[in-house]
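Student:
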Amino acid sequence: MHDTQVPGLRLIRASRLSEPVYSVYEPSLCVVAQGSKMVILGQEVYRYDPSSYLTASVHLPITGQVTEASIESPYLSLQILFEMNQILEVIQASRDAIRAGNEANRGLKVSRLNDTLLDAVLRLVKLVETPQDIPVLAPNAIREIIYRVLQNENNASLRQIAVIGSHAQRIAGVVEKLNRDFAQPFRVDELATEAQMSASSLYDYFKEVTGMSPIQFQKQIRLQEARRLLFSGSIDAAEAAFQVGYESPSHFSREYARMFGLPPVRDMRRFRSSLVNEIPVSMEMNGG
């Protein structure tokens with residue numbers, strides 16, 4: 003993954019198929035230039051390739067896997083990160099062209115790529131070659147990309163997340179809180195009070211947007227962060243469990259193995275062995 007001088011633009015390359023990669027998608031647009039990728043959110047599978055694109059409207063813990071790549075034809079993709087204020091500005095400036103509702107939809111969506119959106123994306127990418135143009139032209143290019151994405155009826159979730167007071171916008175606030183304070187215990191009724199919703203409505207709308215319950219969401223965020231800490235080599239499994247909010251190391255070990263296929267100690271051994279043998283293993287990263 004390579005960050006570019008264009009704010010929010012990342013380029014991704016893979017020369018071989020990957021094992022499952024556990025990461026958190028930020029609000030963004032992902033476009034594949036070559037190859038293909040599979041993303042799992044909860045129990046749902048999303049696939050995209052050069053004929054389609056993926057949008058994420060909130061921070062979502064996902065499992066991703068490159069499914070088509072080789073040294074001769076590497077997987078090539080890009081990710082454009084969105085800020086909520088950018089989306090809101092485009093909606094406010096385009097009220098006649100973009101409709102926004104109050105309902106909540108899944109925060110991850112795969113749509114068919116059209117020439118109009120592709121042209122806007124390519125203009126943004128070409129700015130990498132002329133850094134002096136980036137400060138002037140990049141903001142307008144990103145606004146056009148957001149506008150083209152919002153025009154797609156299939157991307158209602160991206161519109162709704164930016165609408166103040168909508169169910170989706172309230173759920174986005176809860177998602178942000180759980181991503182930020184994942185190590186802290188919470189009760190659904192407390193989250194509902196903060197979101198100005200009933201507990202049952204919060205649960206239903208949260209599951210509609212994220213594909214999982216608030217507890218399942220927090221668990222995935224915790225375990226991904228624990229794995230990142232373990233792979234950094236600075237702490238042991240018990241300390242990682244404590245830092246991400248688990249009180250019982252044995253409980254942590256069981257849930258870790260259920261998610262990643264191996265208990266923490268064996269997973270770390272496999273990771274270290276892969277570094278010696280240069281075998282790719284799943285590491286936490288964002289992006290398409």
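Numbering-wise (the working numbering), the sequence shown opens with residue 3 and increments by one.
Glycine included, C-beta positions come from ideal geometry on N, C-alpha and C.
For Ile64, which beta-bridge partners are listed by DSSP?
Tutor: The residue you call residue 64 lines up with position 62 of the sequence shown. Its beta-bridge partners are Ser25.
Student: Please say whether Arg172 and Ala197 have beta carbons closer to each other than 8 Å?
Tutor: Here the question's residue 197 lines up with position 195 in the sequence shown. Here the question's residue 172 lines up with position 170 in the sequence shown. A contact, by the Cβ cut-off of 8 Å.
Student: I'd like the list of long-range same chain contacts for Ile281, defined as Cβ closer than 7 Å, with 5 residues on each side in sequence excluded.
Tutor: Looking up residue 281 in the sequence shown gives position 279. Residue confidence for Ile281 is low, a pLDDT of 49 falling below 50, so the modelled location carries little weight and cannot support an answer.
Student: Is it buried or exposed for Ala58, if we count other Cβ within 10 angstroms and need 16 for buried?
Tutor: Position 56 of the sequence shown, counted from the start, is the residue given in the question as residue 58. Label assigned to Ala58: buried.
Student: Bridge partners of Glu46, per DSSP?
Tutor: For the purposes of this step, residue 46 is identified with residue 44 of the sequence shown, where counting begins at 1. Note: Glu46 sits in a beta bridge opposite Leu43.
Student: Would you tell me roughly how many angstroms separate the C-alpha atoms of Phe208 and Leu124, rounded to the nearest one?
Tutor: Numbered from its first residue, the sequence shown carries residue 208 at position 206. Numbered from its first residue, the sequence shown carries residue 124 at position 122. One C-alpha to the other measures close to 34 Å.
Student: Ordered along the chain, which non-local residues of its own chain (more than five positions away) have a Cβ less than 6 Å from that of Met285?
Tutor: As a working note, residue 285 is residue 283 in the sequence shown. Because the pLDDT of Met285 is 47, which lies under 50, any placement of that residue in the model is unreliable, and the number read from its coordinates should be weighed accordingly. Result list for Met285: empty, nothing under 6 Å.
Student: Quick check: the Cα distance between Gln162 and Ile89, rounded to an integer number of angstroms?
Tutor: As a first step, residue 162 must be located in the sequence shown, where it is residue number 160. As a first step, residue 89 must be located in the sequence shown, where it is residue number 87. Approximately 10 Å, taken between the alpha carbons.
Student: Please classify Pro239 as buried or exposed, where buried requires at least 16 other C-beta atoms within 10 Å of its C-beta.
Tutor: Translated into positions along the sequence shown, residue 239 becomes position 237. One point to set straight first is that residue 239 is Ala, not Pro, in the sequence displayed. By the 10 Å Cβ count, Ala239 comes out buried.
Student: Going by DSSP, what residues sit across from Lys111 in a beta bridge?
Tutor: Indexing the sequence shown from 1 puts residue 111 at position 109. DSSP, once it has assigned bridges, lists Thr57 as partnering Lys111.
Student: Can you check DSSP and say which residues form a bridge with Tyr77?
Tutor: Within the sequence shown, residue 77 is the residue found at index 75, counting from 1. Answer is Ala16, bridged to Tyr77.
Student: For the 8 Å Cβ check, are there 3 or more pairs between the region 126-142 and the region 106-115?
Tutor: No, the region 126-142 is not in contact with the region 106-115.
Student: With 16 other CB atoms within 10 Å as the buried threshold, where does Val138 fall?
Tutor: As a first step, residue 138 must be located in the sequence shown, where it is residue number 136. It counts as exposed.
Student: Hey, out of Asp5, His61, Glu85, Ile42, whose CA is closest to Val68's CA?
Tutor: Numbered from its first residue, the sequence shown carries residue 68 at position 66. Nearest of Asp5, His61, Glu85, Ile42 to Val68, Cα basis: Ile42.
Student: On the DSSP bridge assignment, give the partners of Glu70 in chain order.
Tutor: Counting from 1 along the sequence shown, the entry for residue 70 is found at position 68. DSSP lists Ser38 as partners of Glu70.
Student: What is the C-beta distance between Ile73 and Ser17, in whole angstroms, given that I count them as a contact (C-beta under 8 Å)?
Tutor: By 1-based counting over the sequence shown, the position of residue 73 is 71. By 1-based counting over the sequence shown, the position of residue 17 is 15. Indeed, because the Cβ distance is near 5 Å, the residues count as touching under 8 Å.
Student: From the DSSP output, in three-state form, read off Ile237 for me.
Tutor: Start at 1 with the first residue of the sequence shown, and residue 237 comes out as number 235. Ile237: coil per DSSP, three-state reduction.
Student: Would you mind giving the Cβ-Cβ distance between Gln222 and Leu231, rounded to the nearest angstrom? I have them listed as a contact below 8 Å.
Tutor: What you label residue 222 is simply residue 220 of the sequence shown in a count that begins at 1. What you label residue 231 is simply residue 229 of the sequence shown in a count that begins at 1. Incorrect: roughly 15 Å between the Cβ atoms, too far for contact.
Student: Excluding five sequence neighbours on each side, which residues of the same chain lie with their C-beta closer than 6 Å to the C-beta of Asp191?
Tutor: Taking the first residue of the sequence shown as 1, we reach residue 191 at position 189. Cβ neighbours of Asp191 beyond the five flanking positions: Ala201.
Student: Out of Ala243, Glu249, Leu115, point me to the one whose CA is closest to Tyr258's CA.
Tutor: Within the sequence shown, numbered from 1, the residue matching residue 258 stands at position 256. Measuring from the Cα of Tyr258, the nearest candidate turns out to be Ala243.
Student: Could you check which residue in Arg150, His4, Ser30, Arg15 has the C-alpha nearest to that of Val92?
Tutor: Here residue 92 corresponds to residue number 90 of the sequence shown, with the count starting at 1. Comparing Cα-Cα distances from Val92 to each of Arg150, His4, Ser30, Arg15, the minimum goes to Arg150.
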